[in-house]
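Enquirer: Quick note on the UniProt record's numbering: the sequence shown kicks off at 1 and runs consecutively.
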Amino acid sequence: MAYDLKKEEDVKEFIENLGIEYRFGCFSEKKPDSCHLLGDYLEGVKRDFAKAAKVYRSNCDESSYAKSCYKYANYNFLGKGCKQNMDEAYDYYLKGCSAGNADSCLNGGLLCVSNTPVNAQREKDYKQGLELLDKACLGNNALSCYYISGIFIQGVKDAINKDMSKAFSYSLKACELGNMYACANISQMYHKGDGVEKNEEKSKEYKEKALDMQKQLKEQMEIQFQQGTQKL
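(1) Are any of the Cβ atoms in chain B nearer than 8 angstroms to that of LYS209?
(2) Please report the Cβ distance between ALA89 and LEU106, rounded to the nearest whole angstrom; I am assuming they are in contact, meaning their Cβ atoms lie under 8 angstroms.
(3) Measuring straight from C-alpha to C-alpha, what distance separates GLY81 and ASN74?
(4) Which residue comes first and which comes last in the alpha helix (DSSP H) that contains ARG57?
(5) For a test of the three-state rule: what should DSSP assign to VAL156, helix, strand or coil?
(6) Between GLY100 and GLY129, is the Cβ-Cβ spacing less than 8 angstroms?
(7) Which residue's Cα is closest to the Cα of LEU37: ASN115, LYS173, GLU201, LEU18?
(8) Leaving out five residues before and five after ARG122 in sequence, what residues of the same chain have Cβ atoms less than 7 angstroms from its Cβ?
(9) Using the Cβ count rule (16 or more neighbours within 10 Å means buried), how would you classify SER165?
(10) Would you identify the three-state DSSP class for ALA184, choosing helix, strand or coil?
(11) Who are the near neighbours of LEU94 in its chain, counting only those whose CB is closer than 6 angstroms to its CB and skipping five residues on each side?
(12) Within its chain, find whatever has a CB closer than 7 angstroms to the CB of CYS97; leave out the 5 residues flanking it on each side and keep chain order.
(13) Taking buried to mean at least 16 other C-beta atoms within 10 Å of its own C-beta, is GLU197 buried or exposed?
(14) Nearest CA to the CA of LEU143: which residue from CYS183, LYS207, ILE160?
(15) Leaving aside the five residues before and after ALA52 along the sequence, list all residues of the same chain whose C-beta is less than 7 angstroms from its C-beta, in chain order.
(16) Within this structure, are the beta carbons of GLN214 and MET180 separated by less than 8 angstroms?
(17) Taking LYS67 as the reference, give the member of ASP91, CYS137, ALA102, ALA50 with the closest Cα.
(18) Just to confirm my understanding: we take CYS26, look at its own chain, exclude 5 residues before and 5 after, and list those with CB closer than 7 angstroms. What are they?
(19) Within 10 Å of its beta-carbon, does ASN140 have 16 or more other beta-carbons around it, so buried, or fewer, so exposed?
(20) Could you name the residues of the same chain whose beta carbon sits closer than 6 angstroms to that of GLY195, not counting the 5 residues immediately before and after it, in chain order?
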């Protein structure tokens, strides 16, 4: 059947049929990707977060579907569709991480090392946190690489020694993955000879790289702002 997506009735029918398709794929055909799409449908279209949470959890538990583990963990972290539960969030970030989701590794690692108010009651585990953050970094999560570099730049009293060589290594990867702040840090490290042999030419190269990223980001924000004002 062809839909005219300019007509409101056709759009509504198309959306309803999507839900039917995802339910069939999930419950009848037992397809994990269909179950995850059903969760997204319940979340984004129906705005039924409680049902979406149940679908994500079931798909994680039964199929180890990494994205569903990550979404259910986020729901617990935010208290969305379920009661806020940091321990449950952490457990499902671990499941998502084990299933290969780098964002799950990042968030699980952050729960081990962060001092945010929402996470204040959890006991810190820097060893486990670094392992999870490193796994996320290996999965090419730029923020995780940058976060670890910051830990080694500052060190953590009675837990992690300052190590500029490791900081440089993680900053370099974060920069290569597109993290502007990591590129700026690499420039400073080359300039000062922190964790790497001093090299003014390299320092200039990474400074220009960071500035170029900053320029691109500014241009993107200006385009988004202009598009937003045009819709008003």
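Backbone N, C-alpha and C define an ideal beta-carbon position, used for all residues, glycine too.
Expert: If we stick to the structure as given:
(1) In the structure shown, chain B cannot be found, because there is only a single protein chain.
(2) With a Cβ gap of about 13 angstroms, ALA89 and LEU106 do not count as contacting.
(3) 10 angstroms
(4) 49–63
(5) strand
(6) no
(7) LEU18
(8) MET86, LEU111
(9) SER165 comes out exposed.
(10) In the structure shown, ALA184 sits in a helix (DSSP, three-state: H, G or I).
(11) GLY108
(12) Contacts found: SER104, CYS105, GLY108, LEU132, LYS135.
(13) exposed
(14) Looking at the Cα atoms, CYS183 is the closest of the given residues.
(15) Excluding positions up to five away in sequence, the list reads GLY39, LEU42, GLU43, GLY81.
(16) yes
(17) Between LYS67 and the set ASP91, CYS137, ALA102, ALA50, the nearest pair of CA atoms involves ALA102.
(18) SER34, CYS35, LEU38
(19) exposed
(20) Its chain contains MET164, SER165, ALA167, PHE168, MET189 as the residues whose beta carbon lies nearer than 6 angstroms to that of GLY195, once the 5 sequence neighbours on both sides are disregarded; these appear in chain order.
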